[in-house]
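Mapping of the sequence shown onto the UniProt record's numbering: position 535 corresponds to residue 535, and the numbering continues sequentially without gaps.
Glycine included, each C-beta is placed from N, C-alpha and C at the ideal position.
Here the structure is a predicted model, which means the values were calculated and not measured.
Here is the structure we will look at.
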Amino acid sequence: MSNQNTELDYYLKRLQYVFTGYQSSQPRTDSSRSFGGRLGSPRPSAAASHCAAGQQSSMITGRGRYSLTLQTEIPLALASQLSVQIQSNQRQPRAQNIVAVGEREAGCPTGQFLCVMCVEIMGFVCAGVAVDAELTETDLAEELPLCCCRMETPHSGGSLSTMDQTCMAMESVDGMLSRCQRRVVKQEMMRPSNTVHLLVLCEDHRAGMVKHHCCPGCGLFCRAGTFMECRPYGSISHRFHRDCASILKDLRFCPHCGEDASGAKEVTVSMADPSPSVPRSNPGQPLGAETRLFSSYRAALLLSLSRLKSEAVCAADRPPKESLESILMALDDENLKPKKVKYPTRQLYISAKQGELQKVIRLLVDGKDPNFLMEGHNKVTPLHAAAAEGHQEICHMLVQAGANLEMFDEEQRTPLMAACENNHLDTVKYMLRAGAAVSHKDIMGFTCLHLAAKLGHYDIVHHLLSKASKYINCQDNGGWTPITWAIEYKHKELVHLLLARGADVNIRDKEENVCLHWAALSGCDDIAQALLEARCDLNAVNVHSDSALHVAARENHLECVMLFLSRGADVNQKNKEGETALDCCVYGSKVWTALNTNKKLTDARRGRDCHGEKVLSRDISRGYEAVPITCVNGVDSEPSPDNFKYIPDSCVTSPLNIDKDITHLQHCSCTDDCSSSTCMCGQLSLRCWYDSEGRLPLDFCQREPPVLFECNHACSCWRTCRNRVVQNGLRARLQLFRTQKMGWGVRTMQDIPQGTFICEYVGEIVTDAEADKRENDSFLFTLDNKVGDAHCIDARLFGNIGRFINHLCEPNLLAVRVFTMHQDLRFPRIAFFSSRPIKAGDQIGFDYGDHYWRVKSKYFSCQCGSLKCRHSAGRASETPEQGECEV
1 MSNQNTELDY YLKRLQYVFT GYQSSQPRTD SSRSFGGRLG SPRPSAAASH CAAGQQSSMI
61 TGRGRYSLTL QTEIPLALAS QLSVQIQSNQ RQPRAQNIVA VGEREAGCPT GQFLCVMCVE
121 IMGFVCAGVA VDAELTETDL AEELPLCCCR METPHSGGSL STMDQTCMAM ESVDGMLSRC
181 QRRVVKQEMM RPSNTVHLLV LCEDHRAGMV KHHCCPGCGL FCRAGTFMEC RPYGSISHRF
241 HRDCASILKD LRFCPHCGED ASGAKEVTVS MADPSPSVPR SNPGQPLGAE TRLFSSYRAA
301 LLLSLSRLKS EAVCAADRPP KESLESILMA LDDENLKPKK VKYPTRQLYI SAKQGELQKV
361 IRLLVDGKDP NFLMEGHNKV TPLHAAAAEG HQEICHMLVQ AGANLEMFDE EQRTPLMAAC
421 ENNHLDTVKY MLRAGAAVSH KDIMGFTCLH LAAKLGHYDI VHHLLSKASK YINCQDNGGW
481 TPITWAIEYK HKELVHLLLA RGADVNIRDK EENVCLHWAA LSGCDDIAQA LLEARCDLNA
541 VNVHSDSALH VAARENHLEC VMLFLSRGAD VNQKNKEGET ALDCCVYGSK VWTALNTNKK
601 LTDARRGRDC HGEKVLSRDI SRGYEAVPIT CVNGVDSEPS PDNFKYIPDS CVTSPLNIDK
661 DITHLQHCSC TDDCSSSTCM CGQLSLRCWY DSEGRLPLDF CQREPPVLFE CNHACSCWRT
721 CRNRVVQNGL RARLQLFRTQ KMGWGVRTMQ DIPQGTFICE YVGEIVTDAE ADKRENDSFL
781 FTLDNKVGDA HCIDARLFGN IGRFINHLCE PNLLAVRVFT MHQDLRFPRI AFFSSRPIKA
841 GDQIGFDYGD HYWRVKSKYF SCQCGSLKCR HSAGRASETP EQGECEV
């Protein structure tokens, strides 16, 4: 008996609490507003939470006076006793009737039949209701909001409008939204929580709402697709989206019952037959496209807004919460109600440009094309216009409506480029999160980085570099990089930023100018100083053979002239017109005086510097390499070597039948940057060895280096993936110079980290038998392929800069076999990587191997000058060290 009294007290308190929740939610000055939700409730047990009030409907009938109907599920055995207690309690509402409906619920507290108890209450709002002393207002405020899936609210607008005669339920399946088109029977409105608008529903969706199959967070029905399912009472299932769970003190709870959501499971329900089980009310009048579209926008945005409640969820393609709230306010605006006014499509562009969010939504609801090209305005789209003006919310709406982020205008510029050009950082951030490409070029070859650097938009450049730093040295149609534009327009802070992020200051434009030429033209000595500290080549010349000193003298920039002279610029260097810097300046000017004085001092010491280093060729590759290779001689009068033909890739002079069939290539199907262990090309190489900078790791095996298989043109990955380094060609700045004892040699003009790709060994591929017939074997490199017949690369007549790399007993280069566009194991490419850090100005070299020296030591000895030299004249007769590899 005591247990029954305890249970009876609980249901009585439950009814009292529901009434208190209703009372506290009513505005005191509103006499016509209907109630559609309830506050949180105490949960003595999991089952008790389910037996909360099932339905409420109310109408305020006078000032301070109410008429309220409460409906709750209770055990059948307790219904009559609860009714007696309600009527006998003077402080409680008076029960008018009780209706019992038998229904078996496995999760009820007693496991008995339940009844639905309807209590009609009359009284005064000011009278209040007795509530348990433990239920203070603070407790109510801290409780989780529960669902109101079983509550009904009368339709306040009288008869249903044409738009409301069809079910308003929205369903989400795999990201696709659809609205029910069935006819409604009942006018009472329902909703899963008080954060969702009241809905008029068909009988099918009303049943789904009562079964808790509608998500309280976003208002979308969870009847197909993937969602979370909470089953605290056995057969009853509460469905909601993962991101719509209630959060309290960093814990997640079911938004229906308030139970801990950690016990909820993710379930997937397959799509049912798309044909509706209930026929449409009027097949001749389908639901308007604008109505469906408008509802889809609202549901999608409500879902986005609800997900912002969770700090763990930060979707990549949504604007901040404040922006979404402004969009929702626009959706609620009365001006968006269906109207008969029809606007031309061009109005979408105008409204997007002017920031008219409400009108943009209205036009999208009307079905205007978000990718419409505006004739007479450079064929830009509405997204271009919104991005150019920085209207982030409008950009979001257009993207949600299907606007293409990569649409081009007449100048081949994207909306992201418009936002970058006009310095709208928030819009740039949003569009990058939405998936806009940074690498796109317009008709001038400009990228977003070029535009922002040219205009001095520091924050834009900084953000772009944080997202895609690999495009920092991208060249436009004139060969200019972003730092070139920043230099010309004297954006000092930008120049320092780009230098700190690794901008290459020695990249040449179409006229072979380097950054120092442009600094001299702009006359900014601070930028010129920074470039020289970044090892920009002071003596580099362009196609006119003008050095930076020539340019500064011609432009009469005294500070730059003084800086270049202090750094050792050659005042006697002549251009193609035979002019020195002194000849280019104005006679008698301060620049002329400085140059003339320097010339006299230079001539005075000419006797002891008679063998000064001279530039013999500005580029021995004749433009075949992305980075020019200068040739200098400060030792003797030997001219630039011309007894070979420079080629960037190995060639053949007789048929070798190299298998280049694309169908024979092993390839990957990666959609990322090929850095994962699932990349097929990486698996062929044991792993993907390159890091994000295209370098080999420090633990790379140098004694027995593995064979590298780079991604090829049969792969599904992008051309910019991580596993493509050697095929990108020479990127290090090298110089051919005359050595004191070893003839021509190669040195680096920049600091090179360990593992960096330097260059290939390129030449004519010949068989081993053909190589034996050739008299001069000084340029032969054996392809140690261990498969089939032996072959060699002969660089005597055809070759690249690799043919000049000398032997070093302490080498700083490592030869690695690499396959790129074919996988014929007989013909690997020979790539040189730095085996240790190399300082600018150091000669580079690799170990030719003991086999080479066993033959050549009869004719000459090693002149590397190392203290550990193994092949000098004094050690020529000694036995080579064990374990040396042969080339």
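- Taking each of V269, T268, F240, S270 in turn and checking the Cα distance to A261, the smallest one comes out for F240.
- Excluding its 5 nearest sequence neighbours in each direction, M168 has C-beta neighbours in its own chain below 6 angstroms: L199, V200, listed in chain order.
- Burial is judged here by how many other beta carbons sit within 10 angstroms of a residue's own beta carbon; G225 has at least 16 and is buried.
- By alpha-carbon distance to M821, the top candidate from V725, R501, G402, E559 is V725.
- The region 518-528 and the region 551-564 touch, with three or more beta-carbon pairs separated by less than 8 angstroms.
- Look at T226 here: in three-state DSSP terms it is strand.
- Taking a C-beta distance under 9 angstroms as the contact criterion, R183 and C202 qualify as a contact pair.
- For Q475 and D504, the gap between their C-alpha atoms comes out near 11 angstroms.
- An exposed status is given to Y859, since fewer than 16 other beta-carbon atoms sit within 10 Å of its beta-carbon.
- For G258, the closest of S270, H238, Q354, K265 by C-alpha to C-alpha distance is H238.
- By the C-beta density criterion, M228 is buried, having at least 16 other C-beta atoms within 10 angstroms.
- In the structure shown, the three-state DSSP call for I361 is helix.
- The three-state secondary structure of G802, taken from DSSP, is helix.
- G402 and G367 have their C-alpha atoms roughly 11 angstroms apart.
- Residue range 482-488 is occupied by the alpha helix (DSSP H) that includes I487.
- Using a 10 angstroms sphere on the CB of Q750, the tally of other CB atoms reaches 16 or more, which defines it as buried.
- Just measuring C-alpha positions, the residue of I483, A418, E704, H517 sitting nearest L814 is E704.
- In the three-state DSSP reduction, Y859 falls in the coil class, being neither helix nor strand.
- In this structure, the alpha-carbon of N596 lies about 12 angstroms from that of M562.
- Within the DSSP secondary-structure output, H791 pairs in a beta bridge with T767, L783.
- Comparing C-alpha distances from D603 to each of E577, N776, F846, V571 shows the shortest one belongs to V571.
- Between I801 and C869 a beta carbon distance of about 24 angstroms is seen, past the 8 angstroms cut, so the two are scored as non-contacting.
- Under the three-state reduction of DSSP output, L814 falls in the strand class.
- Taking a cut-off of 8 angstroms for Cβ pairs, the region 494-504 and the region 466-481 touch, as three or more such pairs fall below it.
- In this structure the region 668-681 touches the region 707-720; the number of beta carbon pairs closer than 8 angstroms is three or more.
- Secondary structure note for T427: its alpha helix (DSSP H) is the uninterrupted segment 425-433.
- Assignment of R242 by DSSP, reduced to helix, strand and coil, places it in the helix class.
- One Cα belongs to A418, the other to L177, and the distance between them is close to 31 angstroms.
- Annotated as proximal: Y852 and H807, with beta-carbon spacing under 9 angstroms.
- Looking only at G456, P415, G845, the smallest Cα-Cα distance to A437 is reached by P415.
- Annotated three-state conformation of S466 is helix, per DSSP.
- Your pair M444 and N477 checks out as a contact, with CB atoms roughly 6 angstroms apart and the cut at 8 angstroms.
- Straight-line spacing of the CA atoms in N575 and I350 works out to 55 angstroms.
- The alpha-carbon separation between P706 and T427 amounts to approximately 46 angstroms.
- Distance from the CA atom of Q735 to the CA atom of F757, rounded to whole angstroms, is 16 angstroms.
- Assignment of beta-bridge partners to S172 by DSSP yields L177.
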